[in-house]
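Written below as structure tokens is the structure these notes are about.
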């Protein structure tokens, strides 16, 4: 896969039946562009492994609460 971060996250969220919530302010503060191209090559990954592979290269974190996938920049 090679896709912009925000598009990839929306597609993955939809597949996992989660509502995506990206803290764009914290991303901008860190100089991270939501259109940054993410390249992944994974097979048989768990949900957690997939989300880690998407966010960690950008220095982001994720959490899931009440059906919402929240993404933000690390403090």
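Numbering (the working numbering), first residue to last: 76 to 150. Cβ coordinates follow ideal geometry from the N, Cα and C atoms, glycine included. Keep in mind that this is a model prediction, so the values were computed, not measured.
Judged by DSSP in its simplified three-state form, residue 115 adopts coil rather than helix or strand. Ranking 132, 101 and 121 by CA distance to the CA of residue 90 puts 121 first.
As the crow flies, the alpha-carbon of residue 80 is around 23 Å from that of residue 141. DSSP, read as helix, strand or coil, puts residue 86 in helix. Counting the other CB atoms within 10 Å of its CB gives residue 148 a total of 16 or more, which places it among the buried residues.
Between residue 116 and residue 128, the alpha-carbon positions lie close to 9 Å from each other.
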